Amino acid sequence: MANIFSIGQSALTVAQAGVNTAAHNIANAATPGYNRQTVVQVAGQAGAQAAATVGMGAQVAEVKRNYSSFLGTQLLSTQSQQSQLEVQYGQIQQIDNMMADSSVGVAPALQDFFNTLQNVSTAPADATLRQSVLFSAESVTTRFKDMSNQLDEIGQGVNSQIESSVQDLNSAAQHLVGLNQAIVNAKGMPGSQSNDLLDQRDQVLRDLSKVVKISVNEQDDQVNVFIGNGQPLVTGSTAHQFKTQPSKTDSGRLEVVQDFGNQAGAPLSSQQPVGGALGGLLAFRDQTLAPAQNALGLVAIGLASGINAQQVKGYDQTGVAGKPLFDLPPVGVAASSSNQGVASLGAELGDISKLTASDFTFRLAGDQYQLLRSPDQQIVASSANADEVLAASAEQGFTLELSGELKAGDSFLIRPTAHAARGIGVALQNGRDLALASAETAAAGDSDNLRQMIGQQNAKTLNGGTSSIQSAYGQLVGRIGSQTRELQLTSQSASQINAQTETALQNASGVNLDEEATDLMRYQQAYQAAGKVMQMAQQLFSTVLDMGR
């Protein structure tokens, strides 16, 4: 009789577990990261009775978490890719929209400047027309400065978002450490259930994959998380913190480094598989923003250098040799804040046809002096003789001069074109100082030098003699437009792939309310049937008692 009671009781227990689990699934159908749970029941251990073996009911072996680790890992990858491309696209749209705006773009102002030069050629002695050239020159330099300032503002916005991403990174690391410990504790307690904690941990990993690309491995019920080139973020019960700090050669540029307390690790780079929103920000800054700033500066240098070179060949209205029309800032050179030596490095523009929209690093690596091109750090020149490397800079469109002693590990950042658009200005104040004539004692109406100035509009003086001022700016606009369209398409494609992966994971692991409703009815029927077994056992027991009276 006791067997019937215990069998009925086990049936009630299993059915109750099924009802509870189905109800739990229904309650969490909309919970982010929740995975469907299923009761796994097994037959109770059979017992011998007389000559037969009689079953002993059922028991709950486990409440299984329905989770596809394959799809879960795939989703981490697709989410990281989507997030990176989405951020890159959102950032580059700002530049694309700015360059498409005729009220901000440089092209209309450039055209107006050369149109004004054309106008003055009809009456070179006219003071009003001469002064209009200076007004137009002021206008074009203002456009350069305005666009450069907007690019700087975009860079400041990138810095703010990088800081926010690093905060998210560190917060997720702390959360994962807490969940790791909670899961270990839960699995160490008999009868404790860790499924919901596992769901929470996987959801944190998914959220983290939107910030950076991560690799995850599980050890002793804890996850270890790595980013970039294998930098640890979480190892068991330890969260490894990251921080932002100004670049050693550019205080306006934030770097992301691992925080070791008294020292910091190597900065994360767009050349590494950083991924996620943080990787998108680094890639945009290195592959789009900095080249755009440099390319804009290259156009400004092309305009100023071309016009200035022609201006000093001519003579103004008083017969005095011409002076430069435009001012340009000095070539940007910044010493690393970690330099140990006392060396200083100077730079000047050289053959502008050899200039590119690249930054350079001059350094002493061991006993080798090196000149490297950014952002891929390609070695342009390397030698134990500093003079050989310094001389090689001429082939890049600038010249370098080193003074003082350089220590191993010391470096300098050289930005030949980056500051030109921001710093270009007009040097002349009076139209009579325009050197339009080609001879000191020019005849009336002599404007041969002016015609040479006008020719600078289409003279192929940039990019190895293949681009004019106008075409170089057009190439910049076209390149940004092309990158924008490419990122739009790849971002849309990544979004579709990620959505498909999410759907596949939801189908494999998510809650289907129709199925849960069916399971709920099935467990309800089993519960009622188990109740009938208990009722029958009670009746049999009463019958036996009555027989003894």
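Numbering (our numbering) for the sequence shown: 12 to 560.
Backbone N, C-alpha and C fix where the C-beta goes; we use that ideal spot for every residue, glycine too.
What you are looking at is a predicted structure, and each value in this text was computed from that prediction instead of being measured.
Residue closest to Ala-111, alpha-carbon to alpha-carbon, out of Ser-493, Tyr-78 and Gly-239
Of all alpha-carbon atoms in Ser-493, Tyr-78 and Gly-239, the one lying nearest the alpha-carbon of Ala-111 is that of Ser-493.
Of the listed residues Ser-504, Ala-541 and Thr-260, nearest to Glu-97 (C-alpha basis):
With respect to the C-alpha of Glu-97, the residue from Ser-504, Ala-541 and Thr-260 having the closest C-alpha is Ser-504.
Per DSSP, what kind of secondary structure is Lys-543 in: helix, strand or coil?
Residue state, collapsed to three classes: helix.
Which same chain residues, not among the five before or five after Ile-173, have their C-beta less than 8 Å away from its C-beta?
For Ile-173, the CB contacts under 8 Å within the same chain, skipping 5 residues up- and downstream, are Thr-255, Leu-265, Val-267, Leu-289, Leu-292 and Leu-293 in chain order.
I want to know whether the stretch 202-219 touches the stretch 137-156 - three or more CB-CB distances under 8 Å.
Two segments are said to touch when three or more pairs of C-beta atoms, one from each, lie closer than 8 Å; by this definition the stretch 202-219 does not touch the stretch 137-156.
With DSSP as the reference, please indicate the residues paired to Ser-347 in a beta bridge.
Partner(s): none; Ser-347 has no beta bridge.
Please go through the same chain and pick out, in chain order, the residues whose beta-carbon is closer than 7 Å to the beta-carbon of Asp-327, but skip the five residues on each side of it.
Correct list, in chain order: Gly-333, Arg-443, Asp-444, Leu-445 and Ala-446.
Cα separation between Gly-308 and Thr-127?
Those two C-alpha atoms are separated by around 23 Å.
Does DSSP classify Gly-308 as helix, strand or coil?
Reduced to three states, the DSSP call for Gly-308 is helix.
Cα-Cα separation, Val-633 to Arg-533
Past the edges of the chain, shown from 12 to 560, lies residue 633, and the structure says nothing about it.
Limits of the alpha helix (DSSP H) - the one that Thr-127 falls within
Looking at the DSSP string, the run of the alpha helix (DSSP H) that includes Thr-127 is 118-131.
7 Å Cβ cutoff met for Pro-284 and His-430
Against a cut-off of 7 Å, the Cβ pair of His-430 and Pro-284 comes out as no contact.
Any heavy atom of the ligand COA inside 6 Å of the beta-carbon of Ala-183?
The model on display carries no ligand, and the ligand COA is accordingly not part of it.
Straight-line gap, Phe-295 to Ile-103 (C-alpha atoms, nearest Å):
Taking C-alpha positions only, Phe-295 is separated from Ile-103 by approximately 7 Å.
In terms of alpha-carbon separation, which member of Ala-537, Asp-421, Val-544 and Gln-129 lies closest to Val-30?
Nearest of Ala-537, Asp-421, Val-544 and Gln-129 to Val-30, Cα basis: Ala-537.
To the nearest angstrom, how far is it from the Cα of Ile-1 to the Cα of Asp-107?
Outside the shown range of the chain, which is 12 to 560, sits residue 1, and nothing can be said about it.
Smallest Cα separation from Ser-17: which of Ala-28, Val-50 and Gln-56?
Closest by alpha carbon: Gln-56.
Would you mind working out which of Gly-44, Met-464, Ser-422 and Ser-364 sits nearest Gly-475, comparing C-alpha positions?
Nearest C-alpha to Gly-475: Ser-364.
Ala-250 - DSSP class collapsed to helix/strand/coil:
Strand.
Proximity to Phe-423 [Cα-Cα], best of Asn-36, Thr-89 and Thr-372:
Ranking the options by Cα distance to Phe-423, first place goes to Thr-372.
Based on Cα-Cα distance, which residue from Asp-362, Ser-385, Ala-376 and Asn-191 lies nearest to Ala-368?
Taking only the C-alpha atoms, the option nearest Ala-368 is Ser-385.
Integer-rounded CB distance, given that Leu-439 should sit under 8 Å from Leu-336:
So it is a contact: roughly 6 Å between Cβ atoms.
Is the CB-CB distance between Thr-32 and Gln-48 below 7 Å?
Cβ atoms of Thr-32 and Gln-48: closer than 7 Å.
Roughly how many whole angstroms lie between the Cα atoms of Val-310 and Gly-247?
The alpha-carbon atoms of Val-310 and Gly-247 are separated by roughly 53 Å.
Whole-number beta carbon distance between Ala-403 and Ala-392, since they are thought to touch under 8 Å:
Indeed, because the Cβ distance is near 4 Å, the residues count as touching under 8 Å.
Going by the beta-carbon positions, is the gap between Asp-210 and Asn-36 smaller than 7 Å?
No. Outside cutoff.
Using the beta-carbon count (16 or more within 10 Å), is Gly-313 buried or exposed?
Gly-313 sits buried, since 16 or more C-beta atoms from the chains shown fall within 10 Å of its C-beta.
Integer Cβ distance of Ile-165 from Leu-300, believed to fall under 8 Å:
The C-beta distance from Ile-165 to Leu-300 rounds to 6 Å, short enough to fall under 8 Å.
Could you name the residues that DSSP lists as bridge partners for Ser-226?
The partner list for Ser-226 (beta bridge, DSSP) reads Phe-237.
Could you check which residue in Val-342, Phe-253, Gly-239 and Thr-260 has the C-alpha nearest to that of Asn-273?
If we check each option's Cα against that of Asn-273, Phe-253 comes out closest.
What is the DSSP secondary structure of Gln-192, reduced to helix, strand or coil?
Residue state, collapsed to three classes: helix.
Would Ala-541 and Leu-180 qualify as a contact pair, given that the criterion is a beta-carbon distance under 7 Å?
No, these two residues do not count as a Cβ contact at 7 Å.
With a cut-off of 8 Å, do at least 3 Cβ pairs link the stretch 76-91 to the stretch 512-532?
The stretch 76-91 is in contact with the stretch 512-532.
Residue span of the beta strand (DSSP E) that contains Thr-49, given as start and end
It spans 48-54 - the beta strand (DSSP E) in which Thr-49 sits, taken as one unbroken run.
Buried or exposed for Leu-417, going by 16 or more other Cβ atoms inside 10 Å?
Leu-417 is buried by the Cβ-count criterion.
Considering only the alpha carbon of each residue, which of Ala-184, Ala-41, Leu-461 and Ser-349 lies closest to Leu-140?
For Leu-140, the closest of Ala-184, Ala-41, Leu-461 and Ser-349 by C-alpha to C-alpha distance is Leu-461.
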